[in-house]
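Below is one structure, written out as structure tokens; the observations come after it.
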Amino acid sequence: MYLSLGSFLTYQVGNSVILILIFLMIKCLGDRKIINHNILYILSILFIIRSVVPFEFVYTITIPSKLILPSLNRFLATVLWRFNESFKLTILSALLLLWSFVALFKLSKLVMSYMRIKRFIRICDESDQFQYEDRSIRIYFLEANITPSVIGVISPIIVFPKNCFTEREKDLILSHEISHISNYDLYVKYIYSLIAIVYWWNPLVYLFQKQMNQILEIRADAFVMEKFSDELKFDYVETLIKASKLRLKDKYFQSSFSLNFSTKSSNFLFQRSKCILNGT
Numbered sequence: 041m042y043l044s045l046g047s048f049l050t051y052q053v054g055n056s057v058i059l060i061l062i063f064l065m066i067k068c069l070g071d072r073k074i075i076n077h078n079i080l081y082i083l084s085i086l087f088i089i090r091s092v093v094p095f096e097f098v099y100t101i102t103i104p105s106k107l108i109l110p111s112l113n114r115f116l117a118t119v120l121w122r123f124n125e126s127f128k129l130t131i132l133s134a135l136l137l138l139w140s141f142v143a144l145f146k147l148s149k150l151v152m153s154y155m156r157i158k159r160f161i162r163i164c165d166e167s168d169q170f171q172y173e174d175r176s177i178r179i180y181f182l183e184a185n186i187t188p189s190v191i192g193v194i195s196p197i198i199v200f201p202k203n204c205f206t207e208r209e210k211d212l213i214l215s216h217e218i219s220h221i222s223n224y225d226l227y228v229k230y231i232y233s234l235i236a237i238v239y240w241w242n243p244l245v246y247l248f249q250k251q252m253n254q255i256l257e258i259r260a261d262a263f264v265m266e267k268f269s270d271e272l273k274f275d276y277v278e279t280l281i282k283a284s285k286l287r288l289k290d291k292y293f294q295s296s297f298s299l300n301f302s303t304k305s306s307n308f309l310f311q312r313s314k315c316i317l318n319g320t
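Per my numbering: the sequence shown = residues 41 to 320.
Next comes the structure, spelled out in structure tokens:
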């Protein structure tokens, strides 16, 4: 298993095709039964796996390039600055340096976001947590104008704004957030955040990030809807709309380590509502 310029470019083309396919399919989600959240989720996981392993294997059949790759290799080997006979700066090394600096900067921001989440969890009042049914999940009610969210990765917690929802609405929201925890959706989002750091130069990676969050939310909705009657589905959509009206402005709940119950995007909200009511 090894990494070469040819394998790297091939994987980027393949991943771009997968992302474009997901973009096209997600537009139809909620309208057509043939396209559902499971197909999109599988494609998303396939994209993540291909991004993590962009290597050639010993059994890979490689078609040699006689024009494009040799020309590209010669271009990347162009010397920009020669310090001495043993050290020179080529276009390839300059690009690698740029990639390293930006990736380290973005990684440091991700680590700082994780540390803020850890500090937040430590300062939460123990009196605000309780057991939900038979699951050992910490739930906190905060004096803040936030949408309900699940935050953290290793030991996730659920946060609610105080005095904003009825007991029935809380149960509906909790079932959604518990589904996120059971399906390890926070791990998927975290891994994708690391991938976005590695491929920070690819605009498709950023465009897909919001789409992936939407897929995770629709998937969690679908797991919950399996046990809901039509009446509960309407109540669930109303709760979703109500939660979207809460301002989401705190840094703790807008990070790679959180999943929010609702969104301020009217397009995403409309799509989720269609999926819930149409059962896709």
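Note that the Cβ used here is the ideal one computed from N, Cα and C, for glycine as well.
- For Lys-250, the enclosing alpha helix (DSSP H) has its first and last residue at 243-265.
- Here the C-alpha atom of Ser-302 lies approximately 14 Å from the C-alpha atom of Ile-198.
- A buried status is given to Phe-160, since no fewer than 16 other beta-carbon atoms sit within 10 Å of its beta-carbon.
- The count of Cβ pairs closer than 8 Å, one atom from the stretch 230-242 and one from the stretch 256-267, stays below three, leaving the stretches out of contact.
- Counting C-beta atoms within 10 angstroms of its own C-beta, Asn-76 has 16 or more neighbours from the protein chains shown and is therefore classed as buried.
- Between the stretch 298-318 and the stretch 248-260, the count of C-beta pairs closer than 8 Å reaches three or more; the two stretches touch.
- Distance between Ile-88 and Ile-235, taken at the CA atoms: about 8 Å.
- Between the stretch 219-234 and the stretch 176-193 there are three or more C-beta pairs closer than 8 Å, enough to call the two in contact.
- With a 10 Å radius around the Cβ and a threshold of 16 neighbouring Cβ atoms, Glu-278 comes out exposed.
- When DSSP states are grouped into helix, strand and coil, Ser-284 belongs to the helix group.
- Leu-132 has its alpha-carbon roughly 53 Å from the corresponding atom of Tyr-276.
- Restricting attention to alpha helix (DSSP H) runs no shorter than 4 residues, the stretch 174-251 encloses them at 207-222, 225-238, ordered along the chain.
- Looking from the CA of Ile-177, the closest CA among Thr-130, Lys-158, His-220 belongs to His-220.
- Comparing alpha carbon positions, the residue from Ile-82, Gly-54, Lys-285 closest to Thr-187 is Lys-285.
- Under the DSSP assignment, Asn-318 falls in the alpha helix (DSSP H) whose first and last residues are 306-318.
- Close CB contacts of Leu-272 within its chain, under the 8 Å cut and outside five residues either way in sequence, are with Leu-212 (chain order).
- In the structure shown, Thr-130 adopts extended strand secondary structure according to DSSP, grouped into three states.
- Annotation for Asn-300: the continuous beta strand (DSSP E) segment containing it runs 298-300.
- Between the alpha carbons of Ala-184 and Ile-281 lies a gap of roughly 18 Å.
- In this structure, the beta-carbon distance from Trp-139 to Lys-128 does not fall below 8 Å.
- For Ser-215 and Met-152, the gap between their C-alpha atoms comes out near 30 Å.
- For Asn-78, the enclosing alpha helix (DSSP H) starts and ends at 77-92.
- Put simply, the backbone Cα of Leu-83 is about 34 Å away from that of Tyr-180.
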